[in-house]
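Chemist: First the structure, then my questions, so here it is.
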Amino acid sequence: MPVEEFVAGWISGALGLVLGHPFDTVKLLGFFKGMSFPIASIAVVNSVLFGVYSNTLLVLTATAHQERRAQPPSYTHIFLAGCTGGFLQAYCLAPFDLIKVRLQNQTEPMAQPGSPPPQYRGPVHCAASIFREEGYRGLFRGAWALMLRDTPTMGVYFLTYEGLCRQYTPEGQNPSSATVLVAGGFAGIASWVAATPLDVIKSRMQMDGLRRRVYQGVLDCMVSSVRQEGLGVFFRGVTINSARAFPVNAVTFLSYEYLLRLWG
Ligand SMILES: CN(C)C(=N)NCCC[C@H](N)C(=O)O
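For the sequence shown, the UniProt record's numbering gives the first residue as 1, with consecutive numbering after it.
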């Protein structure tokens with residue numbers, strides 16, 4: 001199994017994250033002050049996404065990444081490979097994402113004076129407490145919602161990227177850096193627009209069980225959220241997610257393509 005796509009995915013994910021840092025700081029009220037946890041988690045997850053995507057294409061089309069400009073895979077294969085990458089990345093992402101959501105939600109009430117001390121002291125303490133109080137399965141709370149979110153979303157992500165690259169590149173040639181930046185940026189936006197409804201549900205599922213269980217499952221969470229807050233609930237955060245997604249994914253794809261061309 002070729003591994004350079006995993007390594008390129010790791011590095012490009014980390015670079016994208018550094019660029020998205022100011023947005024994450026705004027979104028998460030200072031949780032991303034320290035960079036080591038997000039770099040470790042997002043880089044690993046991006047490595048799985050890009051590595052699995054490229055290796056799935058290899059299985060489906062029998063072409064390595066160096067041959068794909070001359071023999072472009074079909075859009076169906078690109079979508080299926082993206083979905084496979086998304087499904088597996090969601091599994092790896094689940095515990096990291098849970099910790100992020102739990103820490104984020106304890107930061108918000110702390111903004112008020114006289115509020116109680118935080119329940120978790122940091123990412124490691126948070127993981128250990130969840131494991132102790134909710135067991136191994138507790139670390140994967142909301143993982144189904146994450147898989148539902150990321151499987152089709154990653155299909156859309158790679159489909160948008162490849163579609164735009166092909167549109168603006170002469171046949172058989174590599175896309176220019178400007179094309180990669182624009183295609184990567186729009187792929188990021190398309191993926192976040194597709195992901196936001198389930199992103200909202202996933203975060204609610206991950207907070208569930210902290211004090212008492214509120215939702216019976218993903219469907220129950222969707223229905224009660226819409227009943228209480230209307231359909232607009234599915235688009236909460238879509239603007240900031242999209243604003244962040246453009247630069248992050250432009251840089252992610254540019255560095256990914258650059259590294260793969262560098263390594264031949
Ligand atoms: C859940 N969604 C929409 C995605 N994972 N989309 C792909 C972009 C990933 C990139 N690291 C980012 O944070 O934008």
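Quick reminder that beta carbons are idealized off the backbone N, C-alpha and C, glycines included.
The structure displayed is predicted, hence computed values, not measured ones.
1) Taking its Cβ as the centre, do 16 or more other Cβ atoms sit within 10 Å of Gln173, making it buried, or is it exposed?
2) Quick one: what's got a C-beta closer than 6 Å to Gly85's C-beta in the same chain, skipping five residues either side?
3) Could you check whether the Cβ of Gly13 sits closer than 7 Å to any heavy atom belonging to ligand 1?
4) So, do the region 12-26 and the region 250-260 have three or more beta carbon pairs nearer to each other than 8 Å?
5) Using 10 angstroms around the beta-carbon of Trp263, count the other beta-carbons present and answer buried if the total reaches 16, otherwise exposed.
6) Using the three-state DSSP reduction, which class does Leu29 fall into: helix, strand or coil?
7) Should Gly16 be listed as close to ligand 1, given that the test is whether its C-beta is under 7 Å from any heavy atom?
8) Could you give the distance in angstroms between the alpha-carbon of Phe87 and the alpha-carbon of Leu159?
9) Which residues mark the beginning and the end of the alpha helix (DSSP H) in which Glu67 is found?
10) Starting from Asp199, follow the alpha helix (DSSP H) in both directions and report where the run begins and ends.
11) How many angstroms separate the CA atom of Ala183 from the CA atom of Ser242?
12) Along the chain, where does the alpha helix (DSSP H) that runs through Arg137 open and close?
13) What number of angstroms, rounded off, separates the C-alpha of Arg244 from the C-alpha of Asp199?
14) Considering only their Cβ atoms, is the gap separating Val193 from Gly20 smaller than 8 Å?
15) Would the beta-carbon of Asn55 fall within 8 Å of that of Glu5?
16) Could you check what DSSP says for Gly232 in three-state terms: helix, strand or coil?
17) Would Ala117 and Ile99 be called neighbours here (beta carbons separated by less than 8 Å)?
18) Measuring straight from C-alpha to C-alpha, what distance separates Ala64 and Ala70?
19) Is DSSP giving Val48 helix, strand or coil here?
20) For ligand 1, I want to know if Ile42 counts as a neighbour, meaning its beta carbon is within less than 7 Å of at least one of the ligand's heavy atoms.
21) Look at Ile201 and Val218 and say whether their C-beta atoms are less than 8 Å apart.
22) Is the separation between the beta-carbon of Ala195 and that of Arg149 shorter than 8 Å?
23) When DSSP labels each residue in this structure, what does Glu171 get in the three-state scheme?
24) Do Ala90 and Ala143 come within 8 Å of each other at the CB atom, strictly closer than that value?
25) Report the option in Ala43, Phe37, Leu58 whose CA atom is closest to the CA atom of Gly1.
26) Just the C-alpha distance for Tyr161 and Ala187, rounded to the nearest angstrom, thanks.
27) Would you call the CB atoms of Phe96 and Gly185 closer than 8 Å?
Modeler: Working from what's here:
1) Position 173 of the sequence shown holds residue 173. Gln173 comes out exposed.
2) By one-based count along the sequence shown, residue 85 stands at place 85. The residues Leu49, Val52, Tyr53, Met154, in chain order, have a CB closer than 6 Å to that of Gly85 in the same chain once the five nearest residues on each side in sequence are set aside.
3) As a working note, residue 13 is residue 13 in the sequence shown. Yes, Cβ of Gly13 sits closer than 7 Å to a heavy atom of ligand 1.
4) Yes: at least three Cβ pairs fall under 8 Å.
5) Residue 263 sits at position 263 when you count from the first residue of the sequence shown. By the C-beta density criterion, Trp263 is exposed, having fewer than 16 other C-beta atoms within 10 angstroms.
6) Residue numbering aside, residue 29 sits at position 29 when the sequence shown is read from its first letter. Residue confidence for Leu29 is low, a pLDDT of 47 falling below 50, so the modelled location carries little weight and cannot support an answer.
7) One-based indexing of the sequence shown puts residue 16 at position 16. Within the cutoff, so yes.
8) Here residue 87 is taken as the residue at index 87 of the sequence shown, counted from 1. Here residue 159 is taken as the residue at index 159 of the sequence shown, counted from 1. Each residue's alpha carbon lies about 16 Å from the other.
9) For the purposes of this step, residue 67 is taken as the residue at position 67 of the sequence shown. That residue, Glu67, is in no alpha helix (DSSP H); it is neither H nor E in DSSP.
10) Looking up residue 199 in the sequence shown gives position 199. Boundaries of the alpha helix (DSSP H) around Asp199: 177-207.
11) Reading the sequence shown from its first residue, position 183 is the one you call residue 183. Reading the sequence shown from its first residue, position 242 is the one you call residue 242. Those two C-alpha atoms are separated by around 14 Å.
12) The sequence position of residue 137 within the sequence shown is 137, counting from 1. Start and end: 123-138.
13) Along the sequence shown, read from residue 1 onward, the residue named residue 244 stands at position 244. Along the sequence shown, read from residue 1 onward, the residue named residue 199 stands at position 199. C-alpha of Arg244 to C-alpha of Asp199: approximately 15 Å in a straight line.
14) If you number the sequence shown from 1, residue 20 lands on position 20. If you number the sequence shown from 1, residue 193 lands on position 193. In this structure, Val193 does not lie closer than 8 Å to Gly20 by Cβ.
15) Residue 55 sits at position 55 when you count from the first residue of the sequence shown. Residue 5 sits at position 5 when you count from the first residue of the sequence shown. Yes.
16) In the sequence shown, counting from the first residue as 1, residue 232 sits at position 232. If DSSP states are grouped into helix, strand and coil, Gly232 belongs with the helices.
17) What you label residue 117 is simply residue 117 of the sequence shown in a count that begins at 1. What you label residue 99 is simply residue 99 of the sequence shown in a count that begins at 1. Note that residue 117 is Pro in the sequence shown, not Ala. Using a Cβ distance threshold of 8 Å, Pro117 and Ile99 do not count as a contacting pair.
18) In the sequence shown, residue 64 corresponds to position 64, counting from 1. In the sequence shown, residue 70 corresponds to position 70, counting from 1. So the two alpha carbons sit approximately 11 Å from each other.
19) Working through the sequence shown from its first residue, we reach residue 48 at position 48. Reduced to three states, the DSSP call for Val48 is helix.
20) In the sequence shown, the residue the question calls residue 42 occupies position 42. Yes.
21) Taking the first residue of the sequence shown as position 1, residue 201 is located at position 201. Taking the first residue of the sequence shown as position 1, residue 218 is located at position 218. Taking 8 Å as the cut-off, the Cβ atoms of Ile201 and Val218 count as close.
22) Reading the sequence shown from its first residue, position 195 is the one you call residue 195. Reading the sequence shown from its first residue, position 149 is the one you call residue 149. Yes. Within cutoff.
23) For this step, residue 171 is matched to residue 171 along the sequence shown. Glu171: coil per DSSP, three-state reduction.
24) As a working mapping, residue 143 is identified with position 143 in the sequence shown. As a working mapping, residue 90 is identified with position 90 in the sequence shown. In this structure, Ala90 lies closer than 8 Å to Ala143 by Cβ.
25) To locate residue 1, count along the sequence shown from 1; it is residue 1. The sequence shown places Met at residue 1, rather than the Gly named in the question. Nearest C-alpha to Met1: Leu58.
26) On the sequence shown, residue 161 is found 161 positions in, with the first residue counted as 1. On the sequence shown, residue 187 is found 187 positions in, with the first residue counted as 1. Spanning the two alpha carbons is a distance of roughly 5 Å.
27) Sequence index remark: in the sequence shown, residue 96 carries index 96 (1-based). Sequence index remark: in the sequence shown, residue 185 carries index 185 (1-based). Between Phe96 and Gly185, the CB-CB gap reaches or exceeds 8 Å.
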